[in-house]
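In terms of UniProt numbering, the sequence shown opens at residue 1 and continues consecutively.
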Amino acid sequence: MAIDPRSHTPVYVQLADLLREQIEAGELTPGSALPSEARLTQEYGIGREAVRMAISLLRSEGLVNTVRGHGSHVRETPQRRQVELPPGASVIARMPSGGERRSMQLDEGVPVLEIRDPKGTIEVLPGDEVELTRPA
């Protein structure tokens, strides 16, 4: 699929869509490197800023991570652990603060789950590492 510069959809969104499709189809597997900015710029005939914006969009969706000097890679799917909600608990999904993101070492785009038990105790967990269950 090619990028259409005359489309109403911005070229960076078109590139993000192409890369997302490759990730979802398994053509780019977890841990694999995305092509370099220079290669994507040449291959699709778009500017470097559009490439950076496309990768940034995929990072915000939690699909890729970028390490300066090492490029961007498809995110590994983290192992999930089951967390049983106590009766009467509530859960709020939200984006983490900067401090929470650093302390939990969360990739950009990963939400947190704030679990409040009936006593008012709050536990904040990475949203991509837990599966919430209810007691039977």
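Idealized CB from N, CA, C, for every residue including glycine.
Values in this document were obtained by computation on a predicted structure and should not be read as measured data.
Please work out which residues of its chain come closer than 7 Å, Cβ to Cβ, to residue i, disregarding the five sequence neighbours upstream and downstream, and give them in chain order.
i: residue 1; result: 18
i: residue 106; result: 96, 126
i: residue 5; result: 11
i: residue 36; result: 71
i: residue 123; result: 115
Should residue i and residue j be called a contact, given that it needs their Cβ atoms to be closer than 7 Å?
i: residue 60; j: residue 34; result: no
i: residue 112; j: residue 88; result: no
i: residue 80; j: residue 131; result: yes
i: residue 78; j: residue 129; result: yes
i: residue 142; j: residue 109; result: This structure leaves residue 142 out entirely; the chain is present only between 1 and 136.
i: residue 67; j: residue 23; result: no
i: residue 84; j: residue 133; result: yes
Note the first and the last residue of the continuous beta strand (DSSP E) segment covering residue i.
i: residue 91; result: 90-94
i: residue 7; result: Here residue 7 belongs to no beta strand (DSSP E), and DSSP marks it neither H nor E.
i: residue 72; result: 71-74
Straight-line CA distance for residue i to residue j?
i: residue 16; j: residue 58; result: 6 Å
i: residue 14; j: residue 28; result: 17 Å
i: residue 82; j: residue 135; result: 12 Å
i: residue 25; j: residue 55; result: 18 Å
Pull up the CB-CB distance for residue i and residue j, whole angstroms please, since I reckon it's below 8 Å.
i: residue 92; j: residue 44; result: With a Cβ gap of about 39 Å, residue 92 and residue 44 do not count as contacting.
i: residue 101; j: residue 63; result: Not a contact, Cβ separation roughly 17 Å.
Beta-carbon within less than 6 Å of residue i's beta-carbon, same chain only, minus the 5 sequence neighbours each way: which residues are those?
i: residue 40; result: 51
i: residue 117; result: 86, 89
Residue i lies in the alpha helix (DSSP H); which residues open and close that run?
i: residue 32; result: From DSSP, residue 32 is part of no alpha helix (DSSP H); its letter is neither H nor E.
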